[in-house]
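Engineer: Chains as they are written, first to last, in the numbering used here: chain A, 2 to 216; chain B, 207 to 216.
Here it is, the structure in full.
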């Protein structure tokens, strides 16, 4: 474990806490893409298949449980809770995310570390996580105004994988045979997708203005 | 970590 990876995991955890805060404190999920949340639930379910078979550390197991339960709780709440469900932007959260799932699955069948169920699904979860934010970014562009908690949620979510890139550079430099090309390249693509959001977030912060994404 | 010790990250 290195400081970059720990910072990345904490930033990821904070993004989930900010989202839970927004939904439970405001009893609203306006501005949140249910499709992105469903993709994240799928990412964690397919990535942490080794939860019960390979024990790495208490920290690792705990974090996996937190990520799986929180992502399922958010999807369940956005679909099930009548008060929250009413605030869901159903008519603008229309990105066809099934194509993302299909594309990532085909790619995982072609590009993986080993052709086993666990490794193919792991590669699938890495590719899917890289593109899972697209429905959310599309929804924010369509909805125009972004409330503070939603903006912070997306900001922390984008920042976490940037810390992981620093972690991979650090491990590549300090560990003999550390190569994790699938995660590294996907992580670069994932972070690049946030580039324009980071830019508009910085501009709005500098001008102390409301965050607006151009349509 | 799989048998080959990989995948220790979240």
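Note that beta-carbon positions come from the ideal geometry of N, C-alpha and C, so glycine has one too.
Fair warning: this is a prediction, and the values are worked out from it, not measured in the lab.
In the DSSP output, which residue or residues are listed as bridge partners for residue 168 of chain A?
Structural biologist: BP columns for residue 168 of chain A are empty, so no partner.
Engineer: Can you tell me whether residue 61 of chain A is helix, strand or coil according to DSSP?
Structural biologist: helix
Engineer: Tell me the DSSP secondary structure of residue 18 of chain A in three-state form.
Structural biologist: helix
Engineer: Classify residue 115 of chain A as helix, strand or coil using the three-state DSSP reduction.
Structural biologist: coil
Engineer: Could you please give the first and the last residue of the uninterrupted alpha helix (DSSP H) stretch that includes residue 40 of chain A?
Structural biologist: 35–48 is the extent of the alpha helix (DSSP H) around residue 40 of chain A.
Engineer: How would you list, in chain order, the residues of chain C whose beta-carbon sits under 8 Å from the beta-carbon of residue 186 of chain A?
Structural biologist: No chain C is part of this structure, whose protein chains are labelled A and B.
Engineer: Using the beta-carbon count (16 or more within 10 Å), is residue 145 of chain A buried or exposed?
Structural biologist: exposed
Engineer: Output yes if chain A places a C-beta closer than 9 Å to the C-beta of residue 207 of chain B; else output no.
Structural biologist: In this prediction, residue 207 of chain B has a pLDDT of 45, which is less than 50 and means its spatial position is unreliable; nothing more can be read from the coordinates.
Engineer: I want to verify the contact list: residues of chain B whose CB lies under 7 Å from the CB of residue 1 of chain A, in sequence order.
Structural biologist: Given that chain A is displayed from residue 2 to residue 216, the structure contains no residue 1 of chain A and the question cannot be resolved.
Engineer: Which word fits residue 58 of chain A, buried or exposed, when buried means at least 16 other C-beta atoms lie within 10 angstroms of its C-beta?
Structural biologist: Answer is exposed; the Cβ neighbour count stays below 16.
Engineer: Answer yes or no: do residue 96 of chain A and residue 140 of chain A have a C-beta to C-beta separation smaller than 9 Å?
Structural biologist: yes
Engineer: For residue 73 of chain A and residue 56 of chain A, I'd like the C-alpha separation in whole angstroms.
Structural biologist: Looking at the two C-alpha atoms, the distance is approximately 22 Å.
Engineer: Could you pull the start and end residues of the alpha helix (DSSP H) that residue 186 of chain A belongs to?
Structural biologist: 182–194
Engineer: Among A:2, A:12, A:42 and A:216, which residue has its Cα nearest to the Cα of residue 138 of chain A?
Structural biologist: A:216
Engineer: Please work out which residues of its chain come closer than 7 Å, Cβ to Cβ, to residue 126 of chain A, disregarding the five sequence neighbours upstream and downstream, and give them in chain order.
Structural biologist: Apart from sequence neighbours up to five positions away, the residues of its chain that approach residue 126 of chain A with a beta-carbon distance below 7 Å are 44, 47 and 48, ordered along the chain.
Engineer: Taking just the CA atoms, how far does residue 185 of chain A sit from residue 158 of chain A?
Structural biologist: 17 Å
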